[in-house]
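Q: Sharing a structure, written as structure tokens. Questions coming.
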Amino acid sequence: MPCAYFTEGTRVNLGTGFALLSVLIIYILLSRTVLGYQFKVVGLAPAAAKHAGFDRAKLIWLSMIISGGLAGLAGISEVSGTIGQLLPSVSPGYGFTAIIVAFLGRLNPVGVLFAGLIMALTYIGGENAQIEIGLPAAVTGLFQGIILFFLLACDVLARYRLRYKPFLKARDRE
Numbered sequence: 011m012p013c014a015y016f017t018e019g020t021r022v023n024l025g026t027g028f029a030l031l032s033v034l035i036i037y038i039l040l041s042r043t044v045l046g047y048q049f050k051v052v053g054l055a056p057a058a059a060k061h062a063g064f065d066r067a068k069l070i071w072l073s074m075i076i077s078g079g080l081a082g083l084a085g086i087s088e089v090s091g092t093i094g095q096l097l098p099s100v101s102p103g104y105g106f107t108a109i110i111v112a113f114l115g116r117l118n119p120v121g122v123l124f125a126g127l128i129m130a131l132t133y134i135g136g137e138n139a140q141i142e143i144g145l146p147a148a149v150t151g152l153f154q155g156i157i158l159f160f161l162l163a164c165d166v167l168a169r170y171r172l173r174y175k176p177f178l179k180a181r182d183r184e
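Heads up, the sequence shown is in this note's numbering, so the first residue is 11 and it goes up one at a time.
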């Protein structure tokens with residue numbers, strides 16, 4: 011049976027090459043083509059896209075088809091490479107983690123690549139913590155949730171320019 015790994019004895023498989031190639035293609039698509047510009051306008055300013063004559067429904071469907079195709083490619087890579095066979099319990103919740111990765115990567119393909127590496131480190135660190143010190147499996151998910159919470163909190167603070175100002179009493183103002 012052919013092996014989907016780059017080298018024997020490691021967990022680096024052909025999915026890694028697919029992921030890097032996908033990042034490159036999507037980056038070029040979004041930053042260098044008219045279609046990428048249309049995707050951005052539809053996502054950021056739907057009313058402007060309507061006035062510009064962009065077919066919003068077509069662009070939304072196309073983005074979902076591309077996303078689904080990439081998710082399917084990732085699933086095939088996971089099953090054929092890392093796991094090696096299709097199991098009923100093959101999904102460890104990567105879909106929810108993908109939402110965190112997209113926010114952490116600021117919806118930029120290169121940023122998503124680095125955010126994915128950071129989240130992979132949390133998965134690997136969580137597995138090691140479970141084995142070495144007996145932490146429950148939910149701690150990894152909790153840590154990822156905390157990362158998302160603080161990222162969104164930072165966005166809110168930056169967007170609304172919330173600043174900490176100490177409370178001054180009336181007599182302190184003089």
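Just so it is clear, CB atoms sit at the ideal spot from N, CA and C, and this is done for glycine as well. The model shown is predicted, which means the values in this text are computed figures rather than measured ones.
Please go through the stretch 51–139 and give each complete beta strand (DSSP E) segment of 3 or more residues, from N-terminal end onward.
A: Runs found: none.
Q: Compute the distance between the beta-carbons of serine 90 and phenylalanine 28, then report whether it is under 7 Å.
A: Within the sequence shown, numbered from 1, the residue matching residue 90 stands at position 80. Within the sequence shown, numbered from 1, the residue matching residue 28 stands at position 18. No, Cβ-Cβ distance for serine 90 and phenylalanine 28 is not below 7 Å.
Q: Which residues bound the alpha helix (DSSP H) around phenylalanine 160?
A: Locating residue 160 in the sequence shown gives position 150, where the first residue counts as 1. Start and end: 148–169.
Q: Using the beta-carbon count (16 or more within 10 Å), is alanine 32 buried or exposed?
A: As a first step, residue 32 is located in the sequence shown; it is residue number 22 there, counting from the start. The question names alanine, but residue 32 is serine in the sequence shown. Label assigned to serine 32: buried.
Q: Excluding the 5 residues preceding and the 5 following proline 119 in the sequence, name in chain order all residues of the same chain whose CB lies nearer than 6 Å to its CB.
A: Within the sequence shown, numbered from 1, the residue matching residue 119 stands at position 109. Excluding residues within five positions, the ones whose Cβ falls inside 6 Å are Val33, Ile36 and Tyr37.
Q: Quick one: any contact between the stretch 73–83 and the stretch 55–64, if contact means 3 or more CB pairs under 8 Å?
A: As far as the Cβ criterion goes, the stretch 73–83 does not touch the stretch 55–64, which means the pair count is below three.
Q: Contact check, valine 149 vs alanine 139 under 8 Å by CB: the rounded distance?
A: Start at 1 with the first residue of the sequence shown, and residue 149 comes out as number 139. Start at 1 with the first residue of the sequence shown, and residue 139 comes out as number 129. Contact holds; Cβ gap of about 7 Å.
Q: Please tell me whether glycine 46 and leucine 54 are closer than 7 Å, where the distance is taken between their beta carbons.
A: What you label residue 46 is simply residue 36 of the sequence shown in a count that begins at 1. What you label residue 54 is simply residue 44 of the sequence shown in a count that begins at 1. For glycine 46 and leucine 54, no; Cβs fall outside 7 Å.
Q: To the nearest whole angstrom, what separates the beta carbons of leucine 158 and phenylalanine 113, a pair I think is in contact under 8 Å?
A: Within the sequence shown, numbered from 1, the residue matching residue 158 stands at position 148. Within the sequence shown, numbered from 1, the residue matching residue 113 stands at position 103. At roughly 6 Å, the Cβ-Cβ gap stays under 8 Å, so leucine 158 and phenylalanine 113 are in contact.
Q: Thinking just about the alpha-carbon of each residue, which of Leu167, Gly144, Ile141 and Thr132 is nearest to the one in glycine 151?
A: Within the sequence shown, residue 151 is the residue found at index 141, counting from 1. Selected option, being the one with the closest Cα: Thr132.
Q: Quick check: the Cα distance between isoleucine 143 and aspartate 165, rounded to an integer number of angstroms?
A: Counted from its first residue, the sequence shown places residue 143 at position 133. Counted from its first residue, the sequence shown places residue 165 at position 155. Using only the alpha carbons, I get a separation of about 34 Å.
Q: Flag this pair as yes or no: are the beta carbons of valine 51 and alanine 58 separated by less than 7 Å?
A: Counted from its first residue, the sequence shown places residue 51 at position 41. Counted from its first residue, the sequence shown places residue 58 at position 48. Closer than 7 Å, so yes.
Q: Within 10 angstroms of the Cβ of threonine 20, are there 16 or more other Cβ atoms? Answer buried if so, exposed if not.
A: Taking the sequence shown and counting its residues from 1, the one referred to as residue 20 is at position 10. Threonine 20 is exposed by the Cβ-count criterion.
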